[in-house]
Amino acid sequence: MSRFFEPLLRFVFHLGLFAPFLMGVFDSSFLFLPFGNDLLLVVLVSQRHHNIPLLVISGALGSTLGVFLLSLVAGKIGEEGIRKMAGERRFKKLQARFKKGGGLAVVLATLAPPPFPFTTVIAAAAALQYPRIRLLCLNFLGRAARFTVLAILAIKFGRAVLRIANSTAFRWSMTVFIAICLIGSGISVWHWVRQSQPSRRK
Numbered sequence: 040m041s042r043f044f045e046p047l048l049r050f051v052f053h054l055g056l057f058a059p060f061l062m063g064v065f066d067s068s069f070l071f072l073p074f075g076n077d078l079l080l081v082v083l084v085s086q087r088h089h090n091i092p093l094l095v096i097s098g099a100l101g102s103t104l105g106v107f108l109l110s111l112v113a114g115k116i117g118e119e120g121i122r123k124m125a126g127e128r129r130f131k132k133l134q135a136r137f138k139k140g141g142g143l144a145v146v147l148a149t150l151a152p153p154p155f156p157f158t159t160v161i162a163a164a165a166a167l168q169y170p171r172i173r174l175l176c177l178n179f180l181g182r183a184a185r186f187t188v189l190a191i192l193a194i195k196f197g198r199a200v201l202r203i204a205n206s207t208a209f210r211w212s213m214t215v216f217i218a219i220c221l222i223g224s225g226i227s228v229w230h231w232v233r234q235s236q237p238s239r240r241k
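In the numbering used here, the protein residues as written are 40 to 241.
What follows is the structure, encoded as structure tokens:
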């Protein structure tokens, strides 16, 4: 099984500066990729210290484009659709926060690791008509801050990271991780497609 996914891993890492951008688009939109861009950025920074600013900007820009696409779909689904997806209790909490401003909720979503419901927060912001430009700017700044911290940690523990990345255990772990992401992404896309379709009348 690891041999099946190994060419995919090599391809992603060989994308270089474009890899965090591409992963950021997927990770911040509709796919299920917990820690995907974080792990990728750490490995790339460990290999290429001199490209840190470009890697951070690439990841932040990709995430912002993903948020833009997500906000378009969430705006189309509307408040009622996001309410069903998020659950009544969680949606009411988000609604109360966005009535008070909502900027803090967006920033926390960009900084917090899984299982923090990043997609739900962004979708709720779009459905509740939070200003899109502000949403995109906050996402870019928050993701850039998060990736900068990860890059600093990658520099400090770079050699250990590379040893782990070259180990058989890491390759098998990534194989399982990719398989889980593929299954989770399929479920996520199906869920979004289902919610975006108009309800059928009886």
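We treat Cβ as the ideally placed atom computed from N, Cα and C, and that holds for glycine.
Original post:
Can V81 and N90 be called in contact, C-beta distance under 9 angstroms?
Top reply: As a first step, residue 81 is located in the sequence shown; it is residue number 42 there, counting from the start. As a first step, residue 90 is located in the sequence shown; it is residue number 51 there, counting from the start. For V81 and N90, no; Cβs fall outside 9 angstroms.
Subject >> Distance, G114 Cα to A58 Cα >> reply: Stepping through the sequence shown from its first residue, residue 58 is reached at position 19. Stepping through the sequence shown from its first residue, residue 114 is reached at position 75. Cα to Cα, the separation comes out at about 28 angstroms.
Subject >> Proximity below 9 angstroms, CB of I161 to CB of L147 >> reply: One-based indexing of the sequence shown puts residue 161 at position 122. One-based indexing of the sequence shown puts residue 147 at position 108. No, Cβ-Cβ distance for I161 and L147 is not below 9 angstroms.
Subject >> Residue of F157, G141, G197 minimising C-alpha distance to A22 >> reply: Residue 22 falls outside the range modelled here, since the chain spans only 40 to 241, and no answer is possible.
Original post:
Buried or exposed: H53, going by 16 or more other Cβ atoms within 10 Å of its Cβ?
Top reply: Along the sequence shown, one-based indexing puts residue 53 at 14. Burial call: exposed.
**OP:** Return the Cβ separation of A190 and L94 in integer angstroms, given the expectation that the two are a contact with Cβ distance under 8 angstroms.
**Re:** Here residue 190 refers to the residue found at position 151 when the sequence shown is read from its first residue. Here residue 94 refers to the residue found at position 55 when the sequence shown is read from its first residue. Right, the Cβ-Cβ distance comes to about 7 angstroms (below 8 angstroms), so this counts as a contact.
Original post:
Nearest to K132 by alpha carbon, out of A151, L167, I172, T149?
Top reply: Within the sequence shown, numbered from 1, the residue matching residue 132 stands at position 93. Nearest of A151, L167, I172, T149 to K132, Cα basis: L167.
**OP:** Quick one: grab the DSSP three-state call for G142.
**Re:** For the purposes of this step, residue 142 is taken as residue 103 along the sequence shown, with counting starting at 1. In this structure, G142 counts as helix in the three-state DSSP scheme.
Original post:
What did DSSP end up calling S68 once you bin it into helix, strand or coil?
Top reply: Counting from 1 along the sequence shown, the entry for residue 68 is found at position 29. Of the three classes helix, strand and coil, the one that applies to S68 here is coil, per DSSP.
**OP:** Please report how far the alpha carbon of V64 lies from the alpha carbon of R128, in whole angstroms.
**Re:** Position 25 of the sequence shown, counted from the first residue, corresponds to residue 64. Position 89 of the sequence shown, counted from the first residue, corresponds to residue 128. Answer to the nearest angstrom: the Cα atoms are 28 angstroms apart.
Original post:
How about F179 and V112: are their beta carbons less than 9 angstroms apart?
Top reply: Against the sequence shown, residue 179 aligns to sequence position 140. Against the sequence shown, residue 112 aligns to sequence position 73. For F179 and V112, no; Cβs fall outside 9 angstroms.
Original post:
Using a Cβ-Cβ cut-off of 7 angstroms (strictly less than) and excluding sequence neighbours within five positions of D77, which residues of its own chain qualify?
Top reply: In the sequence shown, counting from the first residue as 1, residue 77 sits at position 38. L189, listed in sequence order.
Original post:
Is the Cβ-Cβ distance between G98 and R198 less than 9 angstroms?
Top reply: If you number the sequence shown from 1, residue 98 lands on position 59. If you number the sequence shown from 1, residue 198 lands on position 159. For G98 and R198, no; Cβs fall outside 9 angstroms.
**OP:** Could you tell me if L177 is buried or exposed, where buried requires 16 or more neighbouring beta carbons within 10 angstroms of its beta carbon?
**Re:** Here residue 177 refers to the residue found at position 138 when the sequence shown is read from its first residue. L177 comes out buried.
Original post:
How is the alpha helix (DSSP H) around P152 delimited, first residue to last?
Top reply: Taking the first residue of the sequence shown as position 1, residue 152 is located at position 113. Element bounds for P152: n/a, residue is neither H nor E.
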